[in-house]
Amino acid sequence: MKSAREIVQDVKGGATTASAELEHSLEAIRARNEELNVFVHIDEDDARAIARNVDERVAKGEDPGALAGVPIALKDNLCRIGVPTTAGSRILEGWKPPYSATVVDLLLAAGAVPVGTTNMDEFAMGSSTETSYYGPTRNPLDPSRVPGGSSGGSAAAVAASMTPVSLGSDTGGSIRQPAALCGVVGVKPTYGLVSRYGLIAFASSLDQIGPFASNVTDAALVLEAIAGHDPRDSTSLPEVSPSLVAGIEAGVAGKRVGLVRELIEGADPEVLAAVERAADVLRDAGATVVELSIPECRLGLSAYYLIAPAEASSNLARYDGVRYGLRVDAQDVSAMNEATRTLGFGAEVKRRIMLGTYALSAGYYDAYYGQALKVRTQMIDAFRSAYREADLLLGATAPSVAFRFGEKTSNPLAMYLSDVFTIPTNLAGDPAISVPFGTGEAGLPVGVQLLGPGRSEGQLLAAARVLERARES
Amino acid sequence: MATPLRREDVAKVAKLARLALSDSELDMFTEQLGQILEHANDIAALKLDDVVATAHPYGLINVVRDDVLIPCLPVEDVLAMAPDAEDGRFAVPRILGEAP
Amino acid sequence: MTLPNGWEMVVGLEVHTELRTTTKMFCGCANAFGAAPNTHVCPVCLGLPGSLPVLNVRAVDLAMAIGLALHSRIGFSTFHRKNYFYPDMPKDFQISQYDLPINSGGYLDLPDGSQVTIERAHLEEDTGKTTHLGASGRIHGADRSLVDYNRSGVPLVEIVSGPDIRSSTQARLYASELRGILIATGASDGRMEEGSMRIDANVSVRKSGAPFGTRCEIKNLNSLRSLVRAIDFEALRQSELLDEGGVVRQETRHWDDAVGATSTMRVKEEAEDYRYFREPDLVDLDPDVAWQERIRAALGPMPAERRRALLDRLSEPTPSQLDALEVVIDLGLDDYVVAALNGGVDDALAIARAANEIAADVEHRDNLTSDAFVSTLRMESSGNLSATQAKTVLAELLANGGDPSSIAKAKGFEQLSSDSLGATVATLIDEHPDEWTRYREGDEKLAQFFIGQVMKVTKGQANGKAVIAELQSRR
Numbered sequence: 149m150k151s152a153r154e155i156v157q158d159v160k161g162g163a164t165t166a167s168a169e170l171e172h173s174l175e176a177i178r179a180r181n182e183e184l185n186v187f188v189h190i191d192e193d194d195a196r197a198i199a200r201n202v203d204e205r206v207a208k209g210e211d212p213g214a215l216a217g218v219p220i221a222l223k224d225n226l227c228r229i230g231v232p233t234t235a236g237s238r239i240l241e242g243w244k245p246p247y248s249a250t251v252v253d254l255l256l257a258a259g260a261v262p263v264g265t266t267n268m269d270e271f272a273m274g275s276s277t278e279t280s281y282y283g284p285t286r287n288p289l290d291p292s293r294v295p296g297g298s299s300g301g302s303a304a305a306v307a308a309s310m311t312p313v314s315l316g317s318d319t320g321g322s323i324r325q326p327a328a329l330c331g332v333v334g335v336k337p338t339y340g341l342v343s344r345y346g347l348i349a350f351a352s353s354l355d356q357i358g359p360f361a362s363n364v365t366d367a368a369l370v371l372e373a374i375a376g377h378d379p380r381d382s383t384s385l386p387e388v389s390p391s392l393v394a395g396i397e398a399g400v401a402g403k404r405v406g407l408v409r410e411l412i413e414g415a416d417p418e419v420l421a422a423v424e425r426a427a428d429v430l431r432d433a434g435a436t437v438v439e440l441s442i443p444e445c446r447l448g449l450s451a452y453y454l455i456a457p458a459e460a461s462s463n464l465a466r467y468d469g470v471r472y473g474l475r476v477d478a479q480d481v482s483a484m485n486e487a488t489r490t491l492g493f494g495a496e497v498k499r500r501i502m503l504g505t506y507a508l509s510a511g512y513y514d515a516y517y518g519q520a521l522k523v524r525t526q527m528i529d530a531f532r533s534a535y536r537e538a539d540l541l542l543g544a545t546a547p548s549v550a551f552r553f554g555e556k557t558s559n560p561l562a563m564y565l566s567d568v569f570t571i572p573t574n575l576a577g578d579p580a581i582s583v584p585f586g587t588g589e590a591g592l593p594v595g596v597q598l599l600g601p602g603r604s605e606g607q608l609l610a611a612a613r614v615l616e617r618a619r620e621s
Numbered sequence: 579m580a581t582p583l584r585r586e587d588v589a590k591v592a593k594l595a596r597l598a599l600s601d602s603e604l605d606m607f608t609e610q611l612g613q614i615l616e617h618a619n620d621i622a623a624l625k626l627d628d629v630v631a632t633a634h635p636y637g638l639i640n641v642v643r644d645d646v647l648i649p650c651l652p653v654e655d656v657l658a659m660a661p662d663a664e665d666g667r668f669a670v671p672r673i674l675g676e677a678p
Numbered sequence: 048m049t050l051p052n053g054w055e056m057v058v059g060l061e062v063h064t065e066l067r068t069t070t071k072m073f074c075g076c077a078n079a080f081g082a083a084p085n086t087h088v089c090p091v092c093l094g095l096p097g098s099l100p101v102l103n104v105r106a107v108d109l110a111m112a113i114g115l116a117l118h119s120r121i122g123f124s125t126f127h128r129k130n131y132f133y134p135d136m137p138k139d140f141q142i143s144q145y146d147l148p149i150n151s152g153g154y155l156d157l158p159d160g161s162q163v164t165i166e167r168a169h170l171e172e173d174t175g176k177t178t179h180l181g182a183s184g185r186i187h188g189a190d191r192s193l194v195d196y197n198r199s200g201v202p203l204v205e206i207v208s209g210p211d212i213r214s215s216t217q218a219r220l221y222a223s224e225l226r227g228i229l230i231a232t233g234a235s236d237g238r239m240e241e242g243s244m245r246i247d248a249n250v251s252v253r254k255s256g257a258p259f260g261t262r263c264e265i266k267n268l269n270s271l272r273s274l275v276r277a278i279d280f281e282a283l284r285q286s287e288l289l290d291e292g293g294v295v296r297q298e299t300r301h302w303d304d305a306v307g308a309t310s311t312m313r314v315k316e317e318a319e320d321y322r323y324f325r326e327p328d329l330v331d332l333d334p335d336v337a338w339q340e341r342i343r344a345a346l347g348p349m350p351a352e353r354r355r356a357l358l359d360r361l362s363e364p365t366p367s368q369l370d371a372l373e374v375v376i377d378l379g380l381d382d383y384v385v386a387a388l389n390g391g392v393d394d395a396l397a398i399a400r401a402a403n404e405i406a407a408d409v410e411h412r413d414n415l416t417s418d419a420f421v422s423t424l425r426m427e428s429s430g431n432l433s434a435t436q437a438k439t440v441l442a443e444l445l446a447n448g449g450d451p452s453s454i455a456k457a458k459g460f461e462q463l464s465s466d467s468l469g470a471t472v473a474t475l476i477d478e479h480p481d482e483w484t485r486y487r488e489g490d491e492k493l494a495q496f497f498i499g500q501v502m503k504v505t506k507g508q509a510n511g512k513a514v515i516a517e518l519q520s521r522r
């Protein structure tokens, strides 16, 4: 499949049309979607109408935008007006938002062509896409294994060449971990760089929307299109309009790269080897590599599994059967709320709602949620001081390659541990990228993770591009 | 250090969250949540009296909007979402108590 | 009301006021009362998945204005989520301020010379409105309920007083003075009947000087009258209970205005666990000095100061004039009254015309200039207009503006003066010789009889003072 960048050039230059590129994409989806369960909703006619509109604008000599004619897959938690959006949950089955997310408006304004919505762990709670009400998504590289999660569908869409790019959301690693497991590029931007307006919330202080792509440049192209201040999101950073594609070949010469001990410890040997080779490549490209320790990272998992469920327990209270979505009838309104939520939520969502409710409840707040917020402060401070010693940090994205279905579903804690390397940056609010580098068990891809201080996406993408070039050669 | 999670704690939390649990679910969740909280005891046990809590990763302040009207949703679209509606309003089964 | 056996009531009030903004607290939907159900709603105030709140700056301005008027400390504040399930609350949590409110501390001086401390005045959002279907039309016994979210997300300020109030009279005075302040700051229209100001009362009793007793919170006080009745009822209930050897339970009680009694809503053990935590979708609020000073500079004088200013100019106000004065203060009609007094108009007349005629059409006050008000009243005082005519001219001025003497001329009001009034009085004296004799012999009450007759004949077009002058000239 063509890269997004090539499609934009060809569509603008008249060598192809948005409609033709869309048909390639739909064909690829038809070929494997039944097997892989990547998309939960596709409206071909709707996508064709959007593509035609792009083609008409090209014909009229207008500039259809930076993503002209690029087919894109959207995670099922990004609202688009009139399009079923369910966050992978039964409780929202069939719900059609009466409004669109800011990122969706931006994509359409840039000439991108949304082809459908992708499967995900229910309310983004999971690391394998196994908790979706609509069944698991399979890893295109080995259908007996998970694609990672929670944005497993969006990662698989790119890995299976169904679309060149897609959007996911990352609360504790939900873009980077499936990117690593599916062998694609995934970016978790700085908190506040991309508007959350219209993203169905999991944990508001951690959620960020970001791109998946088959290559670093395409990821930069999409991120550039969706980044920017949004007055509808109070946590949106002011004055951001990063130029990312232009500096993509800037390299890492003179940069200080910190290899973080806590972001590799416990990883499989092949993963460890890949990270070490990545360090060598960066060194060869002119960076200095230093070994660093950020002990606070070891507390990240605990802090995250108190903060995220606490926020989620409140964010998900609104699914009560009163205004939209599922309702299970009962004698009185409280019983109706309970019956609706009991049927509408899956086990993982219930587990986290209860965990979060407990962490916030009278008598436990200080010991759990309150402590977690303080650990978050320490995490932020720890990364801040690490960035005084290094311009960017290096580690693994996930401890292992893609695991098999059911391997971790019976033990939630084991599942949670697959996010141990990605969680710290969400707590710090900083950006990180996962780029495929090397292979591990059964020839499956390994992802290495690059981390940087707030708004350092340009530097991270340039470093990722260095690793990508080394992989290509 | 927090006390270990008991079955009745889980039952109470489920009630607060409006979730009904069967006996076997109650057992399962008590065990699983207990494990997670035990793991979280690494931070529950920390001495962090001097550390300030962080709720937002970046400290923005005074983000406000002007007091200017924006068109509302068409009422047909609003009620089209409703599981049950009557007389332009969302209908619910009887409410047992006054709002707190 | 005095409680029996030396009991003393201890009362603190929580006053919720809807702010007079154009839009809601966190979205651009209209903040308006009385629209068709669910026509002022959007993804944010319906709590749709993915929607996010953004704070209305005007709500912050008004909250600060309230704080400044109450001598509060304005400082760094945060928003929290108060979590509980209820169908009128679209997100099943309420965004409110918790441990760090925008206004902390303060006090309110009451007209009786007492002072009530203010603990805090914080911002929060209102809920939607439920209607209960079924025989009773009330929550108990209803088959089902209907929810309208037009009110959901309307900005509120909750003003919490200290437990300083010792009588229902003082409670009433506090609520009424606070209402005046809310109106004067432009924060609220103070309409209790529309629910834009709602009161909860914390009531306990103790023997004078003893520590505070266990308190009960009373909800649903929708008028000053129910506030007084509910507090008296509750304090008496508690003191009687204690006299009988009973114990007051800490609980929330509901005031039933029709029955005239409070009843248990929820005891403390059933209290919700609200799981307050910082609202992650909103950032902190920290108004700097310049912002605070901008609000302070725009604040006009508060009711107490304005009341003093007007009282200083009244010779010996009657109780009904004092009531009228409160209407003038409430509606901010002081400028008219002051202009009339400066223009030599009698104080009783100035206050009466402002409190009755302008108040009757206060929405259109912009049509009526102070000058036009003063000229109309002077025409009335000098006998060129009857009271009825003056009222008609004021009504016309409020409705359409214009010049008082042109309006009077156009309505033919000035024709009745001198000659024709003299002729009318002469005719009436001839027709009522007995009454005339008694009047001449000093029975001043008969003047009213003749004024009444003149009014009847002239259909109210005559001026009472002018009639008396005519009568006296013929005595």
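Protein chains in written order, with the numbering used here: chain G, 149 to 621; chain Y, 579 to 678; chain F, 48 to 522.
The beta-carbon is built from N, C-alpha and C at its ideal position, and this holds for glycine as well.
So, with DSSP's three-state summary, where would you put residue i?
i: Trp243(G); result: coil
i: Gly675(Y); result: coil
i: His617(Y); result: helix
i: Val218(G); result: coil
i: His377(G); result: coil
i: Lys254(F); result: strand
i: Ala513(F); result: helix
i: Phe140(F); result: strand
i: Ile212(F); result: strand
i: Leu651(Y); result: coil
Could you name the residues that DSSP lists as bridge partners for residue i?
i: Phe668(Y); result: Ala663(Y) and Val194(F)
i: Glu264(F); result: Asn249(F) and Thr299(F)
i: Gly59(F); result: Asn249(F)
i: Phe187(G); result: Thr266(G)
Relative to the C-alpha of residue i, which residue among the options is closest?
i: Ser208(F); options: Arg313(F), Gln162(F), Met48(F) and Gly489(F); result: Gln162(F)
i: Ala473(F); options: Asp247(F), Thr439(F), Leu518(F) and Lys438(F); result: Leu518(F)
i: Gly236(G); options: Leu222(G), Ala249(G) and Tyr247(G); result: Leu222(G)
i: Arg485(F); options: Arg522(F), Ile498(F) and Ala513(F); result: Arg522(F)
i: Gly518(G); options: Asp211(G), Ala427(G), Ala398(G) and Ala507(G); result: Ala507(G)
i: Thr608(Y); options: Val568(G), Ser566(G) and Arg499(G); result: Arg499(G)
i: Arg167(F); options: Asp156(F), His127(F) and His118(F); result: His118(F)
i: Gly543(G); options: Val263(G), Ile190(G) and Pro584(G); result: Pro584(G)
i: Ala399(F); options: Asp377(F), Asp370(F), Ser422(F) and Ser417(F); result: Asp370(F)
i: Glu486(G); options: Ile639(Y), Asp587(Y), Ala658(Y) and Leu599(Y); result: Leu599(Y)
Inside the stretch 269-357 of chain F only - alpha helix (DSSP H) runs reaching at least 4 residues: Every alpha helix (DSSP H) of 4 residues or more that sits fully in the stretch 269-357 of chain F is shown, in chain order, as 271-290 and 336-345.
Counting Cβ pairs, one atom from each stretch, are 3 or more of them under 8 Å apart for the stretch 663-671 of chain Y and the stretch 190-197 of chain F? Taking a cut-off of 8 Å for Cβ pairs, the stretch 663-671 of chain Y and the stretch 190-197 of chain F touch, as three or more such pairs fall below it.
Count the C-beta pairs between the stretch 280-290 of chain F and the stretch 84-101 of chain F that are closer than 8 Å, then say yes if the count reaches three, no if not. Counting C-beta pairs closer than 8 Å gives fewer than three between the stretch 280-290 of chain F and the stretch 84-101 of chain F, which falls short of the contact rule.
Would you call the stretch 190-205 of chain G and the stretch 330-347 of chain G in contact, with 3 or more CB pairs under 8 Å? When C-beta atoms of the stretch 190-205 of chain G are compared with those of the stretch 330-347 of chain G, fewer than three pairs fall below 8 Å, so the two segments do not count as touching.
Run through the stretch 356-400 of chain G for me and flag every whole beta strand (DSSP E) of 3 or more residues, listed as ranges in chain order. Segments of the beta strand (DSSP E) lying fully in the stretch 356-400 of chain G: 356-361.
Which runs of the alpha helix (DSSP H) fall wholly inside the stretch 567-592 of chain G and span at least 4 residues, in chain order? Every alpha helix (DSSP H) stretch that sits fully inside the stretch 567-592 of chain G and reaches 4 residues is listed by chain position as 571-576.
Determine, using beta-carbon pairs with one atom in the stretch 473-482 of chain G and one in the stretch 545-558 of chain G, whether at least three such pairs fall under 8 Å. Taking 8 Å as the limit for Cβ pairs, the verdict is that the stretch 545-558 of chain G does not touch the stretch 473-482 of chain G.
Evaluate contact between the stretch 312-332 of chain F and the stretch 122-129 of chain F, counting only Cβ atoms and requiring at least three cross-stretch pairs below 8 Å. These segments touch.
Evaluate contact between the stretch 238-254 of chain F and the stretch 57-77 of chain F, counting only Cβ atoms and requiring at least three cross-stretch pairs below 8 Å. Contact between the stretch 238-254 of chain F and the stretch 57-77 of chain F is present, because at least three Cβ pairs lie under 8 Å.
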